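Working notes, structure below.
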Amino acid sequence: MVQMKKHKIYEAELIQPACPYCGSLALLHNGHLITNIRYLTANASHPATIRLAKQRVRCRDCSRWSMAQSELASKYCSISNASKLKILSALTEDRSMTSIASENNVSVNTVQRVLGSCSHRFLDSYEYLPAHLAFDCMISKIFNRSKYIKTSIRIDLAWSLN
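Under this note's numbering, the first residue of the sequence shown carries the number 77, and numbering increases by one thereafter.
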């Protein structure tokens with residue numbers, strides 16, 4: 077039991093076979109970094125955790141340090157990439173972040189971080205002008221008690237890009 081919930085805990089070891097920098101097989105093993113990775117389950121009331129032991133090694137040829145990495149999760153992250161994708165797909169629906177967080181066994185801050193990590197994909201590019209620009213201005217001024225309102229001005233400009 078973890079945090080008073082029933083968890084399924086799977087243990088795995090990730091081995092570094094060769095140096096990622098020079099490809100040498102002469103490695104000096106220097107322990108493991110144990111990471112608890114939260115993984116997707118069909119039932120949110122019984123979450124699964126993978127206790128992954130990532131092997132740390134030092135290459136004897138190039139003297140550089142490295143750590144075994146998997147596609148299951150990012151280097152120092154404890155949430156699986158599959159869970160992040162599920163959170164992203166749930167963010168497209170009309171639901172609260174609290175319900176998405178409880179369904180995926182993560183915090184609301186994690187849901188916000190996942191949203192923030194992909195928000196750069198949705199920014200508009202301002203390197204060009206569109207074919208048509210439309211301005212709609214509403215200027216209202218109230219003079220004393222007469223409540224005179226100056227109404228809107230609409231300007232449509234057509235830009236031709238040569």
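Note that the Cβ used here is the ideal one computed from N, Cα and C, for glycine as well. Predicted, not measured: the structure shown is a model, and the values here were computed from it.
Assigned secondary structure, residue i (DSSP; H/G/I helix, E/B strand, else coil)
i: Trp235; result: With a pLDDT of 46 at Trp235, under the threshold of 50, the predicted position of this residue should be treated as unreliable, and no value is reported.
i: Arg68; result: Residue 68 is absent from the model: the chain starts at 77 and stops at 238.
i: Glu87; result: strand
i: Arg140; result: coil
i: Ala166; result: helix
i: Thr111; result: strand
i: Ala210; result: strand
i: His105; result: strand
i: Arg189; result: helix
i: Arg127; result: strand
Supposed contact pair residue j and residue i - C-beta distance, whole angstroms, cut 8 Å
i: Asn180; j: Ser159; result: 6 Å
Separation of residue j from residue i, as counted between CA atoms
i: Arg132; j: Leu104; result: 9 Å
i: Cys135; j: Ala149; result: 24 Å
i: His83; j: Pro123; result: 5 Å
i: Leu167; j: Asn185; result: 14 Å
i: Ser178; j: Asn157; result: 17 Å
i: Ala207; j: Thr117; result: 48 Å
i: Tyr97; j: Glu169; result: 43 Å
7 Å CB neighbourhood of residue i in its chain, flanking five on each side removed
i: Leu90; result: Leu128, Ala129, Lys130, Gln131, Ala144 and Ser146
Own chain partners of residue i with C-beta closer than 8 Å, once the 5 adjacent residues on each side are dropped
i: His108; result: Glu89, Ala129, Lys130, Gln131 and Arg132
Cβ shell of residue i (< 6 Å), same chain only, five flanking positions each side left out
i: Ser222; result: Residue placement at Ser222 cannot be trusted, given a pLDDT of 45 that sits under 50; what the coordinates show is reported in the next sentence. Excluding sequence neighbours, Ser222 sits near nothing in its chain.
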